[in-house]
Structure formats: C-alpha cells, structure tokens
Amino acid sequence: MAEKKLVEAITSMEEDFAQWYTDVVKKAELIDYTSVKGCMVIKPAGYAIWELIQKQLDDRFKETGVENVYLPMFIPESLLQKEKDHVEGFAPEVAWVTHGGLQPLQERLCVRPTSETLFCDFYKNDIQSYRDLPKVYNQWCSVVRWEKETRPFLRSREFLWQEGHTAHATAQDAEARTIQMLNVYAKFLEEVLAIPVVKGQKTEKEKFAGAVATYTIEALMHDGKALQSGTSHNFGSGFAEAFGIQFTDKDNTLKYVHQTSWGMTTRLIGAIIMVHGDNSGLVLPPKVAPTQLMIVPIMQKKEGVLDKAYELRDTLKKSFRVKVDDTDKTPGWKFAEAEMRGYPLRLEIGPKDIEAGKCVLCRRDNGEKIEVALDEVEAKVGELLETIQKEMLERARAHREEHTYEATTMEEFENLFNTKSGFVKAMWCEDQACEDLIKEKLSVTSRCMPFEQQNLSDKCVCCGKPAKKMVYWGKAY
RNA sequence: CGAUGCGUGGCUCAGUUUGGUAGAGCGCUACGUUCGGGACGUAGAGGUCGCAGGUUCAAAUCCUGUCGCAUCGACCA
C-alpha cells in the first residue's frame, strides 16, 4: 500500500533498496546482529515466521512419504574428501574444528556446510537390499558456510534449513523424486508465501558440486533481481560410487543406489520481505503471519474498551492468530508499528464503535479500511485473509510479468540489462563460453533453463550459433 | 580476499581538525494529562568513548598496533 510514507525510519526502496531491506529487517524486529559477522539472532518475530514455514513445509513433505532424521554437525575431513567435485565446491567456505578442549584433534572436523557426505556414510551401512529402498529422509538443522559478504537471511554464515537426502534403486526413481520435490517447493512458494516462481534446470556452470542435474525455483524480487529460492539435485550414482553405497537387487546383482538432495532455507524470509514489502515495512502473507490480526483499542482507558478488545480476541483466536496491542502507546504509534511488522489485518475498536456495534478493519497490503458490524467480524476476517493471500500472489505475479523481457540479439540483451531490471528470456547454444562472456560483460547469470521452453529464435543470443535452450537470465542475490 | 565507511549510555549521532570537568535527541523508569495515523509535562536512571600499547602535567581527541561490524565488488542457499 501506502504511497504515503508513514515511517520516517525506513529508507524508501526507490532511494536505496539495500538500505530499505536492512531497515525493514531491523524495524520489524526480525533479527539482531551479533558480535560474530554473518551470524544473527533471529528474534521472536522472525523465528515465528520460520516456524510457520517449517510446519507447513514439513506437512507437505510428510504427505510424500518423507521421514525426518538428525545427523551430526561435524564431518571428518577424510569423509568430506571422498567426492571430488563436492569437496572442491565447498572447501573454500567450510569452517574447521581443530581442537577438542586444549588438545589438537588427530583429524580436523568441518562444521557441515551440507550433509551429503554424512548421509552417504550412513546409507552405505543402512542399505543392503532393494527392500531397504527408497530412503526418503530429511533433516531440519543449521549449516555453516564461511561467506565473505553477509546479509540478514539472504546470506549468513550460519543459516537454518532443511535438507532432504534420498536413495533409490533406479535412476528413474531418483529423477522422479528430484522433480517431485521441486514441485513441492514451487507449490509451497505460490500457495503459502504468495511468491510465483520459474521452475527449471540449472546449467552445467551453475549446478551443485557433485550433481548430475540441479533443478531450481527462481523468484523475482521487487528490485528486479533474482533469488534462487530452492534447489533439488539429482546425483545419479556418483556419490554412491565414491562412498560404496550398494544394494542387492531382485536379480541378485550388486548395484549402486541413485541419490537426490533438496533444500530450502531461512533465505525464504528474505524473499518474503523483498517480494511483498513496501515503504512502510514488512507485508506478510496471512499463511505465514505469526500475528494475522492485531487489535488496536482506541481510548483504551475508557470503561469497556479493553474488555471489548479482549472479548473480540477470545472469539477470533479460535480461528486466527490474533493479539491485542494493549500497550500504553498512542493509537498512531500502534498503527505504524503494526505496519512495520507486516500484520495482514488491523482491527480498530473505540468507544464510538462499541456504541454503534461495529469496528474498523484495515488491510496491510493495500491500506483499505473497512467498517464491519461486530457480529460479522469473524466471517469478514476469514474472508479478508483469504483475499489478501490471493491478491498478494496476483500482485507478485503481475510484477514478475512486467519485469520479464525477451531478447534475440546481443544488442537487445545488453540494452535490456542496461536500462531495465528483471528476467530476460533469451536463446542459448549451451556453450559455457557464452555464459562466461555474458557474466563478464553484464554481471548477469543464467538463472535456469525453464521447463516451459519457448523458441524465441534459432540462434544463441550471444554467439549466433544454433540455439539449444531458452534461458532465463538475471542479476542475482 | 579487494574497496569504502563506522566503532562514544539501549538506539541514532555530535564532540576528534586545534588534547583541558563526557554531550544531544530518541528510547527507558515514575506520576499526571492525553488517545480514530508515531501526543505532552514534570522528575529520574543509565557511558571503563571497541581493545592494547605509546606520547603528554593531562587523551574520546595525537601516534602505533589490533579486533569487530556494515556497505559495495569477486565466490556462494
């Protein structure tokens, strides 16, 4: 909403998007910085969003047969070394434990940057027969990657995530699970976070260290930059061969398993901020709003006002996440506070309303104020929350459509990235040299080769050789 | 790892050029008046000036070193 800027403390996004982001994160009290660079305190308002994400995503996992497990946070160096591409990919950013107490360790331990190697080490003993397959495990945990540049939620040195790791008897089963989980992710973003995504495959250059194929969901932020929001990898039997994960199949021959892994992180909270937020602060989709409705009493010291507010809360909390702001701030303060924190709905109730048997509901997403009779509030709140959830997705989708362009020549391509921000669809010959050149010239990377391919031209946008794939290109976080 | 900026009450910062009793606003506490878009009055609490050396009668201020954080680049969820 809010063309009018109500909160001076938040830098406007047009002026400085990075600063706006930081201001929102701080003002909505999602995090605090700590004395360790890149490690943040996730405060109650932020962690509650993560809990709602966790719960709803976990339910969707379980529907597909996923079981949760927990593996250690330390990986012996020798274990990490086993898969060559994998260790090369992660070595530059792992943190090492070298001492136990005062004694140096015989073998240093890395703090998991991801747990493929641990799962492999576990699976090699756990899997003997085709009857043991598939294994469809997931863990919720934190991982550590020693990033040079850090930003709250988008890139921190320690972050929370889930990592699914599966093992299958056949390549087909592994591929099917890889795609299945990508679809779970895509639906989750659209239905719960109200963020539309492009589904597709990463190029060789951009794929995960050790994977045969990496699939991704890419979302477009308000500033036109892309955010990789979830990935699903098919490992083929590469890890199985490196770790010796074999099973006896029905035909009594020894075979290697085929594996997958897939993950989403607290980065999603960054995506919510950058897709839905506005110049008054955070705007939360109702399904992940820890408080869906904040009741603001007006003249709360007047007899009966607070009682009425509590009464409304007690009725509404059976169906919704509701709170009463009964602090002794002024109403104006509370309105601004509710906006910064992104509560989808605000309910105003004062002596005049009580007398008239009504109250005022205010939508965070578009600022609209609606008078509602008190006996219709419950139905109206439910209806409005659904409408808000739906319209937030529609707005985000419209924004993405408006910021998705097409180019068939390098001149068009460069011109688009020099004058606009967003996704550019263009054809590609599948030669990495073109990707490298585009990155060097424009700091633009291939985001994905979408499943929904179009034939925009027969020629690669960069070199003019015959094109093989349409690619989404963009500047990325 | 490169560039830039910043470390002074909870927060934002002034004070450093030119050394001389640690400041302001906000926030916090108490009481009172207020209340439909960040109200006001009165009284009060709160700081080893990031850390370590050095120069000096005297250091937030000058010198040396060091640590940390933020932002921007290269690398990555």
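If you count the first sequence from 1, position 423 lands on 511 in my numbering, and the numbers rise without skipping. C-beta atoms are modelled at their ideal positions from N, C-alpha and C, and glycine is treated no differently. Since we're looking at a predicted model, the values are computed, not measured.
Report back the beta-carbon spacing between residue i and residue j to the nearest angstrom; my notes put them in contact at under 8 Å.
i, j, result
"T266", "S320", "5 Å"
"I360", "V376", "7 Å"
"Q227", "N322", "19 Å between Cβ atoms; not a contact."
"I476", "P439", "Wrong, their Cβ atoms sit about 28 Å apart, outside the cutoff."
"S349", "H253", "5 Å"
"F241", "T354", "6 Å"
"L544", "E494", "6 Å"
"V185", "L193", "7 Å"
"Q250", "M352", "6 Å"
"L481", "P180", "With 8 Å as the limit, L481 and P180 do not qualify as a contact, their Cβ atoms being about 38 Å apart."
"V448", "E436", "4 Å"
For residue i, is the classification buried or exposed, using 16 other Cβ atoms within 10 angstroms of its Cβ as the cut-off for buried?
i, result
"R451", "buried"
"T341", "exposed"
"H256", "buried"
"W561", "buried"
"H346", "buried"
"K115", "buried"
"L381", "buried"
"T415", "exposed"
"Y158", "exposed"
"D441", "buried"
"E103", "exposed"
"V129", "exposed"
"I357", "buried"
"K295", "buried"
"W421", "exposed"
"L190", "exposed"
"A397", "buried"
"A486", "exposed"
"T304", "buried"
Output needed for residue i: all residues of its chain with C-beta closer than 8 Å, excluding positions within five of it in sequence on either side, in chain order.
i, result
"C127", "S244, R245 and E246"
"A133", "A116, E117, L118, P378 and R429"
"F408", "Q380, L381, V469, G470 and L473"
"F162", "V185, L197, C198, V199 and R200"
"Y225", "V154, E155, N156, V157, F207, G252, H253 and T254"
"A90", "At A90 the pLDDT is 32, less than 50, meaning the model places this residue with poor confidence; the figure from the coordinates comes in the next sentence. For A90, where only same-chain residues beyond five positions count, the Cβ hits under 8 Å are D366, N367, S368, E427 and G455."
"E195", "P164, E165 and S166"
Near residue i, which residues of its chain fall below 6 Å by C-beta distance, leaving aside the five closest residues on each side in sequence?
i, result
"V371", "H364, G365, G430, R452 and D453"
"K468", "V460"
"E171", "G298, F327 and A330"
Give every residue of the same chain whose Cβ lies closer than 7 Å to the Cβ of residue i, excluding the five residues on either side of it in the sequence, and list them in chain order.
i, result
"Q107", "T99"
"F505", "V512, L530 and V532"
- prompt: Can you give, in chain order, each stretch of the beta strand (DSSP E) that sits fully within the stretch 419-499 and has at least 3 residues?
  reply: 433-437, 446-451, 457-461 and 492-494
* Could you say if the stretch 191-209 and the stretch 327-336 meet the contact criterion of at least three C-beta pairs nearer than 8 Å? => yes
### Message
Runs of 4 residues minimum, wholly inside the stretch 323-392: which ones carry the alpha helix (DSSP H) assignment?
### Response
326-331 and 355-364
Report task. Output the residue ranges of the beta strand (DSSP E) runs that lie fully inside the stretch 106-177 and measure 3 residues or longer, sorted by chain position. Result -> 119-121, 128-130 and 162-164
task = Evaluate the contact criterion for the stretch 283-291 versus the stretch 531-540: three or more CB pairs, one atom per stretch, below 8 Å.
result = yes
Write down every uninterrupted run of the beta strand (DSSP E) in the stretch 397-421 whose length is 3 residues or greater and which is fully enclosed by it, in chain order. Given a length threshold of 3 residues, each whole run of the beta strand (DSSP E) inside the stretch 397-421 is given here in chain order: 410-412.
(Q) Which complete beta strand (DSSP E) runs does the stretch 268-307 hold, if anything under 3 residues is left out? (A) 286-289
Practice prompt. Count the CB pairs spanning the stretch 212-222 and the stretch 127-144 that are closer than 8 Å, and state whether there are at least three.
Written response: By the Cβ test, the stretch 212-222 is not in contact with the stretch 127-144, since fewer than three Cβ pairs between them sit closer than 8 Å.
- request: Check whether the stretch 267-280 touches the stretch 510-518, counting contact only when three or more Cβ pairs, one atom from each stretch, lie closer than 8 Å.
  value: no
**Study point:** At least 3 beta-carbon pairs within less than 8 Å: the stretch 501-510 vs the stretch 300-312
**Key:** A contact exists between the stretch 501-510 and the stretch 300-312.
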